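Here the sequence shown stands for residues 855 to 1555, numbered as in our numbering.
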Amino acid sequence: VVTEAELYAAQVRQSRRRDDARRSAEGTLRDLTELRIGDPVVHESHGVGRYRGLISADVGEGMAEFLHIEYAGDDALYVPVSQLHVISRYTGGPPESAPWHKLGSGQWEKAKRRAAKAVRDTAAELLNLYAQRAARQGRAIPLTEHDYAVFAEGFGFEETPDQAAAIGAVLQDLTSGQPMDRLVCGDVGFGKTEVAMRAAFVALMAGYQVAVLVPTTLLAEQHFQNFSDRLAEWPIRVAELSRFRTAKEQTAALKGLEAGSIDLIIGTHRLVQKDVKFKNLGLVIIDEEHRFGVRQKEALKSLRAEVDVLTLTATPIPRTLAMSLEGLRDFSVIATAPQRRLAIKTLVVPYSEGHIREAVLRELKRGGQVYFLHNEVDTILHMRDKLAQMVPEARIGVAHGQMAERELEQVMRDFYHQRHNLLLCTTIIETGIDVPTANTILINRADRFGLAQLHQLRGRVGRSHHQAYAYLLTAGDESLSTSARKRLEAIQAMEELGSGFYLAMHDLEIRGAGEVLGDNQSGQMQEVGFGMYIDMLNSAVRSLRAGREPDLEAPLAVTTEINLHAPALLPEDYCGDTHQRLILYKRLANCDSEDALTQLHEELVDRFGQLPAPAQALLECHRLRLACSGLGIVKLDASDEALSLQFRADTTVDPLRLMELVQKTRGARFMGADRIRLPIPAVPLNERSRMVRDLCRALVA
855 VVTEAELYAA QVRQSRRRDD ARRSAEGTLR DLTELRIGDP VVHESHGVGR
905 YRGLISADVG EGMAEFLHIE YAGDDALYVP VSQLHVISRY TGGPPESAPW
955 HKLGSGQWEK AKRRAAKAVR DTAAELLNLY AQRAARQGRA IPLTEHDYAV
1005 FAEGFGFEET PDQAAAIGAV LQDLTSGQPM DRLVCGDVGF GKTEVAMRAA
1055 FVALMAGYQV AVLVPTTLLA EQHFQNFSDR LAEWPIRVAE LSRFRTAKEQ
1105 TAALKGLEAG SIDLIIGTHR LVQKDVKFKN LGLVIIDEEH RFGVRQKEAL
1155 KSLRAEVDVL TLTATPIPRT LAMSLEGLRD FSVIATAPQR RLAIKTLVVP
1205 YSEGHIREAV LRELKRGGQV YFLHNEVDTI LHMRDKLAQM VPEARIGVAH
1255 GQMAERELEQ VMRDFYHQRH NLLLCTTIIE TGIDVPTANT ILINRADRFG
1305 LAQLHQLRGR VGRSHHQAYA YLLTAGDESL STSARKRLEA IQAMEELGSG
1355 FYLAMHDLEI RGAGEVLGDN QSGQMQEVGF GMYIDMLNSA VRSLRAGREP
1405 DLEAPLAVTT EINLHAPALL PEDYCGDTHQ RLILYKRLAN CDSEDALTQL
1455 HEELVDRFGQ LPAPAQALLE CHRLRLACSG LGIVKLDASD EALSLQFRAD
1505 TTVDPLRLME LVQKTRGARF MGADRIRLPI PAVPLNERSR MVRDLCRALV
1555 A
């Protein structure tokens, strides 16, 4: 057998339909994918404890599986696997400093109350912001269909599904008449620039000026080239404001902007200075927002009041990420990689001449180019001599921020045109110079970089269909601090394409979420965990929007305890790996629609074969959970003789309907003020589940 990979010397990637569902932004927070024994978890009613694994036990109705959580004072809580929707990972700070509550001590209630107070204030603030944004009349930018279609044709690649969705969302924002403030989070090289180009084109054709703001001169230069090429056939004048331009060119550009003769300006933070005046600015595009300082961000904010803003980022900083998760800013994630793109292989290795020579030669021998990142300008020339000795075959260029502009520009151009095949540089290359033939990067002393930075740097390579490599060089294991080791582990684990978003989530954990809403609230957030805090915030915002005072004492999700008098679990002989089972249990608990359950059912059959009876029962439990949601049913017990339903005091079910049901059904009766019991025939489990679901629907109707 000759495989396709051997014939074409390239790996064929299959994209899976189920990946997109798994990767939803919200799901990441509630995901237990990376839960290890001993990690902190949050139970909605009992607080923060430590996960101790899955255990199986016979509780009188056959085997059942439970999640074991340990609380302070050696207390243990066993949560049935069908109720994992009340469990989430504790994020919001380093696991070692997570609280550890004692069951029944009232600590959790107090922590929740404190968080609830902070949440109410934040929610009111957010709504105020929403209201201001909604009240501002934006301008509906008209879309000329024919011109747009011609421009879109010029994109030489097939749009990925996420990219198409992001473009659609941006166009809708622009034409809606509401001011746009959208964050497009897409991994390095996933086609965010195209989203920006389409938005710019629509605004330009409607007669508005567009400003593209980038953090570095090199990126400004590259965007200038790209935009000029794409817009060459249209009557649009593009200019650039950055250190690479002479004073004369800059003055001409400023005059042109004020007079309206220049339509599109690309520049660094030079663009937010006082002397830059626009005739008719309609859209601001900000690339890599996290690289701008606080002062520049304030200047940008004042721009936001009047114009549409589109922000592009590969790794959102936790604050922006949190604001997007809360729905404060519109948010599009581009998580699908372009066709034939391979994940970058990331290796953490101690610094040694052997490793470096091997890595560089492997790349040069296949005709590629290499970045060697050394972030100390003082010793960079010494490093060049060392590299020249190690790899005499390489043509080495040096680039750093203290060089003269022209010289730097020349080196970058030489590298781009392959006159150098090894670029020794500082983090000046961090943002967006696109060199398709550069497919290996070595990062010296990688332990000194932050997560977002490592992710950005790694994204400099692997921008074509060749396998790319990133070597993170460290001074050896002994010298690594705990958080540096964690960062390197996280970046290595997140090799998958599209992981920028997930790395930002990791960052939240390693750094804590203090900066999410200003420091004054980080305390409350640490007590209940980021996921829980965001849930409380969302629920408060929803109530305030609907004009109700948020009831922050009420549990977030009314959970229904379901007993079908049959074992409900994924048996070990069906899915043997405990960790996999935990992930599947949690994904089942996160399903919020019948469709999602059906999809997961298909996936289970696809991966493990036909469902055995206990797994069927587990699925039926979740179907019933969905049927009961919103009815205020606390407990549902369906044996093969009778069905018993217990309601909350504030149930939404009409009492008259219940009385009618009891009168109509032979043998039915009320058991106290909040329970009814109805006889049901002895039928197979799935039939019994269907009858109960029909009954629940009848109660809603």
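Here a beta-carbon is modelled for each residue, glycine too, at the ideal position from N, C-alpha and C. Remember, it's a predicted structure, so these values are computed and weren't measured experimentally.
Just tell me which of 1421, 1213, 1487 and 1118 has its CA closest to the CA of residue 912.
1421
Could you say which of 1031, 1019 and 1056 lies nearest to residue 802 if we only look at CA atoms?
This structure does not reach residue 802, given that the chain is present from 855 up to 1555, and the question cannot be answered.
What would DSSP say about residue 1036, mapped onto helix, strand or coil?
strand
With burial defined as no fewer than 16 other Cβ atoms inside 10 Å of the residue's Cβ, what is the status of residue 1446: buried or exposed?
exposed
Work out the CA separation of residue 1254 and residue 1054 for me, nearest whole Å.
31 Å
Is it buried or exposed for residue 1258, if we count other Cβ within 10 angstroms and need 16 for buried?
exposed
Grab the span of the beta strand (DSSP E) containing residue 896 for me, first residue to last.
894-897
Could you give the residue range of the alpha helix (DSSP H) that holds residue 1074?
1071-1084
Tell me, please, which residues DSSP counts as bridged to residue 920.
909 and 934
Does residue 982 pass the burial test, meaning 16 or more other C-beta atoms within 10 Å, or should it be called exposed?
exposed
Secondary structure of residue 1275, DSSP reduced to three states
Under the three-state reduction of DSSP output, residue 1275 falls in the coil class, being neither helix nor strand.
What residue from 1541, 1476, 1416 and 1393 has the CA that sits closest to residue 976's CA?
1393
Rounded to whole angstroms, what is the Cα-Cα separation between residue 1032 and residue 945?
34 Å
By DSSP's criteria, residue 1186 is part of a beta bridge. Which residues make up the other side?
1038
From residue 1460 to residue 896, what distance separates their C-alpha atoms?
32 Å
With H, G and I counted as helix, E and B as strand and the rest as coil, what does DSSP make of residue 1110?
helix
Go to residue 1223, then tell me how far its beta strand (DSSP E) extends in each direction, as first and last residue.
1223-1227
Distance CB(residue 1021)-CB(residue 1049) smaller than 7 Å
yes
Comparing alpha-carbon positions, which option in 1475, 1524 and 1334 lies nearest residue 1498?
1524
I need the DSSP call for residue 813, collapsed to helix, strand or coil.
This structure leaves residue 813 out entirely; the chain is present only between 855 and 1555.
In three-state DSSP terms, what is residue 1394?
helix
Rank 1137, 1312, 1496 and 1432 by C-alpha distance to the C-alpha of residue 1200 and give the top, closest one.
1312
Taking the beta carbon of residue 1162 as the centre, do at least 16 other beta carbons fall within 10 Å, making it buried, or is it exposed?
buried
Would you tell me roughly how many angstroms separate the C-alpha atoms of residue 1267 and residue 1235, rounded to the nearest one?
20 Å
How should residue 1548 be labelled, buried or exposed, when 16 other C-beta atoms within 10 angstroms of its C-beta is the threshold for buried?
exposed
Look at residue 844 and residue 1276 and say whether their C-beta atoms are less than 7 Å apart.
The displayed coordinates of the chain run from 855 to 1555. Any statement about residue 844 would go beyond what the structure contains.
Residues near residue 962 in its chain [Cβ-Cβ closer than 7 Å; skip 5 each side]:
900, 901 and 955
With a Cβ-Cβ cutoff of 7 Å, do residue 1443 and residue 1077 count as a contact?
no
Since I believe residue 1479 is in contact with residue 1530 (beta carbons under 8 Å), could you give me their beta-carbon distance rounded to a whole number of angstroms?
Going by Cβ atoms, the distance from residue 1530 to residue 1479 rounds to 19 Å, so no, they are not a contact pair.
How many whole angstroms separate the CB atoms of residue 1490 and residue 1413, which I take to be in contact at a CB cut-off of 8 Å?
Not really, about 11 Å apart at Cβ, beyond 8 Å.
Separation of residue 1304 from residue 1075, as counted between CA atoms:
26 Å
Would you list, in sequence order, the uninterrupted alpha helix (DSSP H) runs of no fewer than 4 residues that lie entirely inside the segment 1206-1272?
Listed in chain order, the complete alpha helix (DSSP H) runs (minimum 4 residues) inside the segment 1206-1272 are 1207-1219, 1234-1244 and 1259-1270.
Residues near residue 1008 by beta carbon distance below 7 Å, same chain, minus five either side
Within the same chain, residue 1008 has close Cβ partners 1084.
In terms of DSSP beta bridges, what is residue 1415 paired with?
1489, per the DSSP bridge assignment.
According to the Cβ coordinates, are residue 1205 and residue 1327 closer than 7 Å?
Residue 1327 sits close to residue 1205, with the two beta carbons spaced by under 7 Å.
Nearest candidate by alpha-carbon position, reference residue 1142, set 1167, 927 and 1150:
1167
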